[in-house]
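Residue numbering for the sequence shown follows the working numbering, beginning at 54 and increasing consecutively. Built from N, CA and C at the ideal position, the CB exists for glycine as well. None of these values were measured; they are calculated from a predicted model.
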Amino acid sequence: MCNRNVGGMDRVLRIVVGLVLIGLAATHTVGVWGWIGVVPLLTGAIGWCPGYLPFGIKTCRTKP
Numbered sequence: 054m055c056n057r058n059v060g061g062m063d064r065v066l067r068i069v070v071g072l073v074l075i076g077l078a079a080t081h082t083v084g085v086w087g088w089i090g091v092v093p094l095l096t097g098a099i100g101w102c103p104g105y106l107p108f109g110i111k112t113c114r115t116k117p
């Protein structure tokens, strides 16, 4: 059983977007809101997104 609901390209995009937002916030290019990048970074790193649960979305592959 797959406990993850974020997989593949979705994870990569979340990690990249998270790192970019954190980098922009750290360099004061964007405001404090840039630290919200921690959320996609963490969800991409652990492979699980609580926002997907109510909608039943899974982007990870499951074994048949």
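Open item on the list: For L74 and T115, what's the separation of their Cα atoms in angstroms?
Closed with: If you number the sequence shown from 1, residue 74 lands on position 21. If you number the sequence shown from 1, residue 115 lands on position 62. Roughly 30 Å separates the two Cα atoms.
- [ ] Using alpha carbons as the reference points, say which of G76, V69, G109 and D63 lies closest to G87.
- [x] Here residue 87 refers to the residue found at position 34 when the sequence shown is read from its first residue. Out of G76, V69, G109 and D63, G76 has the C-alpha closest to the C-alpha of G87.
Open item on the list: Using a Cβ-Cβ cutoff of less than 6 Å, which residues in the same chain neighbour V70 once the five nearest sequence positions on both sides are dropped?
Closed with: For the purposes of this step, residue 70 is taken as the residue at position 17 of the sequence shown. Same-chain partners within the cutoff: P93.
- [ ] Check whether the Cβ atoms of R57 and T96 sit closer than 7 Å, and answer yes or no.
- [x] Counted from its first residue, the sequence shown places residue 57 at position 4. Counted from its first residue, the sequence shown places residue 96 at position 43. The answer is no: Cβ separation not under 7 Å.
Open item on the list: Applying the 10 Å Cβ sphere with the 16-neighbour rule, what's the burial state of V59?
Closed with: Along the sequence shown, one-based indexing puts residue 59 at 6. Its Cβ being crowded by 16 or more others within 10 Å, V59 is buried.
Open item on the list: Considering Cα atoms alone, identify which of I110, G109, I99 and F108 is closest to R64.
Closed with: Within the sequence shown, numbered from 1, the residue matching residue 64 stands at position 11. Looking at the Cα atoms, I99 is the closest of the given residues.
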